[in-house]
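Below: one structure, written as structure tokens.
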Amino acid sequence: MSSSLNVLMFSGQFRPIVGGAERQAEKLAKALVSQGVRVTLLTPALVQGPPAEEQDEGVTIRRFSLFDISRCLPGVRGFGPLNLLGLRCQLARVVDQHIQGASVLHAHMAGSLMAFAAQFARRRAVPVVCKVGMSGDRTDLTELARIGIGGPRLVRSMIQSVDRWIATTDAVRLSLTKSGVSERRIASIPNGVELPILAGRPLRQGVARRFLYLGRLSTTADRDVPTLVRAFDRLADEALDVQLSIVGDGDLFGSTKALIARCRNASRIQLPGQQAPEPWVEWADCMVLPSRREGLSNALLEAMSAGLVCIANDIPANREVLAGGDAGLLTSVEGEDDLLHALRRVYTDAQLAGRLRQSASERARSAYDIRSVATRYVRLYEELRR
3 MSSSLNVLMF
13 SGQFRPIVGG
23 AERQAEKLAK
33 ALVSQGVRVT
43 LLTPALVQGP
53 PAEEQDEGVT
63 IRRFSLFDIS
73 RCLPGVRGFG
83 PLNLLGLRCQ
93 LARVVDQHIQ
103 GASVLHAHMA
113 GSLMAFAAQF
123 ARRRAVPVVC
133 KVGMSGDRTD
143 LTELARIGIG
153 GPRLVRSMIQ
163 SVDRWIATTD
173 AVRLSLTKSG
183 VSERRIASIP
193 NGVELPILAG
203 RPLRQGVARR
213 FLYLGRLSTT
223 ADRDVPTLVR
233 AFDRLADEAL
243 DVQLSIVGDG
253 DLFGSTKALI
263 ARCRNASRIQ
273 LPGQQAPEPW
283 VEWADCMVLP
293 SRREGLSNAL
303 LEAMSAGLVC
313 IANDIPANRE
323 VLAGGDAGLL
333 TSVEGEDDLL
343 HALRRVYTDA
353 QLAGRLRQSA
363 SERARSAYDI
373 RSVATRYVRL
383 YEELRR
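So in the numbering used here, the last one in the sequence shown is 388, and the numbering has no gaps at all.
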């Protein structure tokens with residue numbers, strides 16, 4: 003379909019360091035390859051072990067060496083401007099080595115490395131696309147502005163260098179305009195999810211007994227897992243066959259473990275750490291996403307595509323994904339009683355659980371199929387290179 007397109011993706015980190023943005027970059031890259039697009043994913047080698055170059059289902063992954071003072075000496079202050087200068091020089095070399103023949107540079111998230119990559123791509127007359135994931139008070143651009151001296155200048159440079167900004171939700175689009183990005187330079191394209199998991203398999207039946215949280219346990223993730231743990235512990239007092247699995251890792255793992263140990267029903271709460279999501283999505287009946295803020299949750303999309311009952315905090319991104327509550331239950335932020343009520347409803351009402359499963363799977367299929375998402379990107383790339 004698009005054999006003449008050659009996309010150079012840029013990600014500030016990649017496997018074996020994997021978060022939502024990295025997983026989405028990988029899904030999109032493979033979906034683009036399946037449509038005949040050549041994709042090279044460029045990323046710094048932040049840890050030892052992975053090869054400098056590898057092929058994965060047609061995607062070429064290239065890792066380049068990067069000396070970053072802030073990573074080598076995280077506790078030492080005063081190197082900000084010098085470090086940015088060093089990163090800029092290194093990115094000039096890297097982009098120059100890989101930009102030849104690229105139809106477009108597609109950056110995942112807006113950070114200092116992406117800002118420099120965008121500058122040098124524009125100097126080579128290569129169109130730049132940047133997908134951002136955060137909205138509200140803490141966005142990609144506001145976080146970039148806060149890195150210190152040079153941050154605001156990088157934001158201005160990136161706004162000028164990027165030809166098209168990708169907003170995954172309406173809330174992200176609004177945040178971009180508030181940061182000074184013109185509406186005409188914003189394209190609304192959501193994250194995507196693979197749907198073959200639904201093929202030939204009936205949706206689960208009955209009430210929800212196995213509850214799942216899937217995601218980081220970290221300060222930066224801003225997920226209210228403690229409220230989930232407390233609400234589930236209260237549900238477990240009255241429901242003897244319910245279970246909760248909290249799958250993820252991060253700087254809050256220890257405090258989460260300590261909280262679980264204090265629960266009356268600690269034996270029914272699992273905390274296995276960071277693991278592949280697929281077995282846990284298969285295990286669960288219900289996904290719970292207690293976000294204080296969110297971009298567009300990959301875990302929520304995967305749960306919907308698998309036909310799980312979904313419960314999420316009522317914030318703009320979750321409200322949009324769950325179609326205002328038609329495809330899942332929305333609960334108030336930090337509302338323990340509200341969350342307990344939602345857990346109890348899907349545990350006791352099989353008809354409600356069945357309706358939510360059906361609505362979630364239909365919503366995933368109609369709005370978030372990664373194949374359709376990739377097709378929209380192909381059209382955008384072709385428009386920009388004209």
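Here a beta-carbon is modelled for each residue, glycine too, at the ideal position from N, C-alpha and C.
Since the structure is predicted, the reported quantities are computational estimates derived from the model, not experimental observations.
Close Cβ partners of residue i (< 8 Å) along its chain, the five nearest in sequence each way excluded
i	result
VAL375	LEU30, ALA33, ILE191, PRO192, ASN193, GLY194
LEU237	VAL244, LEU342, LEU345, ARG346, TYR349
GLY14	THR45, PRO46, HIS110, MET111, GLY113, LEU115, MET116
MET136	ASP142, GLU145, VAL174, SER177, ARG295, GLY297
ALA301	GLY22, LEU216, GLY217, PRO279, MET289, LEU291
ASP226	PRO292, SER293, ARG294, ASN315, VAL335, GLU336
ARG64	THR42, LEU43, LEU44, THR45, ALA54, GLU55, HIS100
ASP172	SER190, PRO318, GLU322
Residue i CB to nearest heavy atom of the ligand COA below 8 Å
i	result
PRO318	Judged by which ligands are present, the structure shown has none, so any question about the ligand COA falls away.
Residue i classed as buried or exposed, judged by whether at least 16 other C-beta atoms fall within 10 angstroms
i	result
VAL128	buried
CYS312	buried
PRO18	exposed
GLU240	exposed
LEU358	buried
TRP282	buried
ARG321	buried
LEU84	exposed
GLY182	exposed
Terminal residues of the alpha helix (DSSP H) in which residue i lies
i	result
GLU284	279-285
THR45	It is not in any alpha helix (DSSP H) - THR45 instead sits in the beta strand (DSSP E) that spans 40-46.
TYR383	372-387
GLY275	No alpha helix (DSSP H) holds GLY275; the beta strand (DSSP E) holding it covers 271-275.
VAL97	82-100
MET116	114-125
LEU303	300-307
GLN57	No alpha helix (DSSP H) contains GLN57, which is instead part of the beta strand (DSSP E) from 55-58.
ALA362	352-369
ARG232	227-240
ALA30	It is worth fixing the name first, because residue 30 is Leu in this sequence and not Ala. From DSSP, the alpha helix (DSSP H) with LEU30 extends over 22-36.
ARG73	71-74
LEU143	142-147
ALA260	255-263
Continuous beta strand (DSSP E) stretch holding residue i: start and end
i	result
SER247	245-249
MET11	8-13
ASN315	311-315
MET289	288-291
ILE63	61-66
Nonlocal neighbours in the same chain, by C-beta distance under 7 Å from residue i, ignoring five residues either side
i	result
ARG378	ILE191
THR333	ILE313, ASN315, ASP316, ASP340, LEU341, ALA344
ARG388	none
GLU185	THR179
ARG166	VAL131, ARG187, ALA189, LEU382, LEU386
Same chain, Cβ closer than 6 Å to residue i, neighbours up to 5 away in sequence not counted
i	result
HIS108	VAL9, MET11, VAL131
ASP371	LEU197
LEU205	GLY309, ARG359
GLY80	Legend: pLDDT at GLY80 = 46, less than 50; position of this residue unreliable, value from coordinates given subsequently. Here the set comprises nothing.
LEU331	ILE313, ALA344
ILE151	GLY82, PRO83
Does the segment 243-262 come within contact of the segment 208-216, defined as at least 3 CB pairs closer than 8 Å? yes
Return the chain-ordered ranges of every beta strand (DSSP E) run that is complete within the segment 162-198 and spans a minimum of 3 residues.
166-169, 188-190
- Message: Count Cβ pairs between the segment 330-341 and the segment 256-269 that sit closer than 8 Å; are there 3 or more?
- Response: no
- Ignoring anything shorter than 3 residues or poking outside the segment 324-349, list the beta strand (DSSP E) runs there in chain order. 331-333
* Given 8 Å as the limit, is there contact between the segment 221-239 and the segment 286-293, that is, 3 or more CB pairs closer than that? -> yes
* Please confirm if the segment 88-99 is in contact with the segment 56-70, defined as three or more CB-CB distances below 8 Å between the two stretches. => yes
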